[in-house]
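S.K.:
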Amino acid sequence: MGTHHTRSLWGLAALTAGALAVFHGSRRSRLPSWQGRVVLITGGARGLGFALARCFADRGAIVWLAARHGDQLDRAVDRLRLPGAEIHAYVVDVRDREAVESLVAAVVARHGRLDAVVNNAGVITAMPFDNAELSDFAESLDTHFWGPLHVIRAALPWLRRQPISHIINVSSIGGRVGVPHLAPYCAGKFALAGLSEVLRAELAGDGVWVTLATPGLMRTGSVGNVRVRGDHVAEARWFAALSATPLTSQHAMRAAGEIVMAAGRRRAVVMPGWQARLQHAANTLAPELTAAGLQAVSRRVLPNAVPGPSPSRAVSDLDLGWAAPLVSAVTARAYNQPVPSAS
Ligand SMILES: NC(=O)c1ccc[n+]([C@@H]2O[C@H](COP(=O)([O-])OP(=O)(O)OC[C@H]3O[C@@H](n4cnc5c(N)ncnc54)[C@H](OP(=O)(O)O)[C@@H]3O)[C@@H](O)[C@H]2O)c1
Numbered sequence: 018m019g020t021h022h023t024r025s026l027w028g029l030a031a032l033t034a035g036a037l038a039v040f041h042g043s044r045r046s047r048l049p050s051w052q053g054r055v056v057l058i059t060g061g062a063r064g065l066g067f068a069l070a071r072c073f074a075d076r077g078a079i080v081w082l083a084a085r086h087g088d089q090l091d092r093a094v095d096r097l098r099l100p101g102a103e104i105h106a107y108v109v110d111v112r113d114r115e116a117v118e119s120l121v122a123a124v125v126a127r128h129g130r131l132d133a134v135v136n137n138a139g140v141i142t143a144m145p146f147d148n149a150e151l152s153d154f155a156e157s158l159d160t161h162f163w164g165p166l167h168v169i170r171a172a173l174p175w176l177r178r179q180p181i182s183h184i185i186n187v188s189s190i191g192g193r194v195g196v197p198h199l200a201p202y203c204a205g206k207f208a209l210a211g212l213s214e215v216l217r218a219e220l221a222g223d224g225v226w227v228t229l230a231t232p233g234l235m236r237t238g239s240v241g242n243v244r245v246r247g248d249h250v251a252e253a254r255w256f257a258a259l260s261a262t263p264l265t266s267q268h269a270m271r272a273a274g275e276i277v278m279a280a281g282r283r284r285a286v287v288m289p290g291w292q293a294r295l296q297h298a299a300n301t302l303a304p305e306l307t308a309a310g311l312q313a314v315s316r317r318v319l320p321n322a323v324p325g326p327s328p329s330r331a332v333s334d335l336d337l338g339w340a341a342p343l344v345s346a347v348t349a350r351a352y353n354q355p356v357p358s359a360s
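Position 205, counted from 1, in the sequence shown is what this note's numbering calls 222; the numbers after and before it change by one each time, with no gaps.
#1: For R85, is the beta carbon positioned less than 6 angstroms from some heavy atom of ligand 1?
#2: Under DSSP, the beta strand (DSSP E) around Y107 begins and ends at which residues?
#3: Starting from I190, follow the beta strand (DSSP E) in both directions and report where the run begins and ends.
#4: Can you name, in chain order, every residue of its own chain whose Cβ lies under 6 angstroms from the Cβ of L216, other than the five neighbours on each side?
#5: What is the DSSP secondary structure of V194, reduced to helix, strand or coil?
#6: For L158, which option in H183, N321, V124, Y202 has the closest C-alpha, if you only look at C-alpha atoms?
#7: At which residue ranges does the region 120-182 contain complete alpha helix (DSSP H) runs of 4 or more residues, listed in the order of the chain?
#8: With DSSP as the reference, label A204 as helix, strand or coil.
#9: Could you compute how far the alpha carbon of M288 sits from the alpha carbon of G233?
#10: At what residues does the beta strand (DSSP E) containing T392 begin and finish?
#11: Would you mind sorting A257 into buried or exposed? The rule is 16 or more other CB atoms within 10 Å of its CB.
#12: Can you give me the start and stop residues for the alpha helix (DSSP H) that L65 sits inside?
#13: Helix, strand or coil for T265, going by three-state DSSP, please let me know.
#14: For L264, count neighbouring Cβ atoms within 10 angstroms of its own Cβ and tell me buried if that reaches 16, exposed if not.
#15: How far does the alpha helix (DSSP H) with T228 in it extend, from its first residue to its last?
#16: According to DSSP, simplified to helix, strand and coil, what is W81?
#17: Taking DSSP as the reference, what is the three-state secondary structure of M235?
#18: Does DSSP classify R244 as helix, strand or coil?
#19: V287 bridges to which residues according to DSSP?
#20: I'd like to know if E305 contacts chain C, where contact means its C-beta is closer than 7 angstroms to some C-beta of that chain.
#21: Rounded to whole angstroms, how far is the Cβ of M107 from the Cβ of G238, which I believe are closer than 8 angstroms?
#22: Contact between the region 127-143 and the region 243-254: three or more CB pairs below 8 angstroms?
#23: Rank G77, D113, E115, L90 by C-alpha distance to the C-alpha of A102 and give the top, closest one.
#24: From the DSSP secondary-structure annotation, give me the bridge partner or partners of A331.
#25: Is the CB-CB distance between R282 and G338 below 7 angstroms?
#26: Check for me: the alpha helix (DSSP H) holding P304 runs from which residue to which?
#27: Could you give the DSSP three-state label for V356: helix, strand or coil?
#28: Name the two residues that bound the continuous alpha helix (DSSP H) containing L99.
#29: If I measure Cβ to Cβ from A84 and keep anything under 6 angstroms in the same chain, skipping five residues before and after, which residues do I get?
#30: Among the residues of its own chain, which have a CB less than 7 angstroms from the CB of W163, if the five just before and after it don't count?
#31: Closer than 8 angstroms is the cut-off here; do at least three beta carbon pairs connect the region 164-182 with the region 123-134?
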């Protein structure tokens, strides 16, 4: 009886392994080619969005870049327009629902289809909670939650027309684990992560696959665009240092490749960067310990709040002092960031 039972268990295990192999194989063989598919990337003019655009263009997709600054978009289009690549640009503020609807209408008018949207546009303001303004929370939620929602609602009728289509939402490890000095940012990114998980469940039946990307810090050259409040210089120096070293941040092009690959495989979640995966695992498995660690960082490492209101200032306007040598102008140029002419 015991031997019979063991054999049955082995048989069941073999059957399960076989079924998984067939399932995995069939998913692989059904991997979509991006050739000729239309992909819209918000915030595609620079940084991670620019890297994602390059990845999609390399795979034969027709790419639309959308952002607020026309000059950066034009430069991105010039740099991405390699032989065989079709790249378009559109000036839009994703917080403006009607403008987003016009953007989607323009894409569809041109190609008659839309296969994927990448909600990547983002802004960061770093400060202690006591120096955060309500406007920081509004800006983050408008950009990281309402913007993607406008894009998704405008695009969905067109995405549903395709047998397989994609929504790729770029949240952050800050949308999974609360990071000190990033309260507004995390609020917006957590909202986007939650929305992504619900849509994942509801839209898969229509062939619309939602992939949530939650990368850790990346070397996108974007640190100059970050805004800070409180002890401006100290805040800027910490942020610049953490987002520049290979120990604390990752290669942005590699992260972009992982995201595009995960979307193609219809993965629910992709978390580029071992640092992010470690932080997420620690927070899930040992939340109290993680909380204690983050509390120590907040109290002992990061700058204190300053009394009274503190204006927001761009990192690019501040003296980075000891952190300056860590920040690479080469990286900034590679990711189409605005680089001051003096550097
Ligand atoms: N860098 C990191 O370490 C890191 C880590 C995790 C997650 N992320 C996320 O990855 C995404 C890209 O970050 P990044 O480092 O590449 O930043 P970035 O270089 O500053 O690029 C942000 C892009 O978003 C656009 N954008 C911002 N607000 C917009 C709006 N209201 N409407 C339309 N476009 C808007 C910007 O263009 P305009 O200013 O011209 O509009 C720009 O093209 C963001 O969502 C960010 O939160 C970044």
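A virtual CB, placed ideally from N, CA and C, is assigned to each residue, including glycine.
M.R.: By the coordinates alone:
#1: Because some heavy atom of ligand 1 lies under 6 angstroms away, the Cβ of R85 counts as near it: yes.
#2: Element bounds for Y107: 103-108.
#3: For I190, no beta strand (DSSP E) run applies, since DSSP gives it neither H nor E.
#4: Around L216, the same chain offers V227 as residues with beta carbons nearer than 6 angstroms, after the five sequence neighbours per side are excluded.
#5: If DSSP states are grouped into helix, strand and coil, V194 belongs with coil.
#6: The candidate whose alpha carbon is nearest that of L158 is Y202.
#7: Whole alpha helix (DSSP H) segments, 4+ residues: 151-157, 164-176.
#8: Here A204 carries a helix assignment [DSSP, helix/strand/coil].
#9: If you take the alpha carbons of M288 and G233, they lie about 7 angstroms apart.
#10: Summary: the structure shown does not reach residue 392, with the chain confined to residues 18 through 360, and so no result is reported for it.
#11: Residue environment: A257 is assigned as buried (16 or more neighbouring CB atoms within 10 Å of its CB, all protein chains considered).
#12: Unbroken alpha helix (DSSP H) run through L65: 64-75.
#13: DSSP places T265 in coil when its eight states are reduced to three.
#14: With fewer than 16 other Cβ atoms from the protein chains shown falling within 10 Å of its own Cβ, L264 counts as exposed.
#15: Per DSSP, T228 belongs to no alpha helix (DSSP H); it is in the beta strand (DSSP E), 225-230.
#16: DSSP places W81 in strand when its eight states are reduced to three.
#17: DSSP places M235 in strand when its eight states are reduced to three.
#18: Three-state DSSP puts R244 in a strand.
#19: Answer by DSSP bridge pairing, in chain order: A230.
#20: The chain inventory of the structure shown lacks chain C, comprising one protein chain alone.
#21: The sequence shown places Tyr at residue 107, rather than the Met named in the question. Contact flag wrong, Cβ pair sits at about 23 angstroms.
#22: Result yes; three or more Cβ-Cβ pairs closer than 8 angstroms.
#23: Among G77, D113, E115, L90, the Cα nearest to that of A102 belongs to G77.
#24: Within the DSSP secondary-structure output, A331 pairs in a beta bridge with R244.
#25: Their beta carbons are not under 7 angstroms apart, which means R282 does not touch G338 by this criterion.
#26: DSSP places P304 in the uninterrupted alpha helix (DSSP H) bounded by 304-313.
#27: DSSP, read as helix, strand or coil, puts V356 in coil.
#28: For L99, no alpha helix (DSSP H) run applies, since DSSP gives it neither H nor E.
#29: Contacts found: G60, A62, L90.
#30: If the five residues before and after W163 are omitted, its C-beta is found closer than 7 angstroms to the C-beta atoms of R112, all from its own chain and listed in chain order.
#31: The way I'd put it, the region 164-182 does touch the region 123-134; three or more beta-carbon pairs between them come closer than 8 angstroms.
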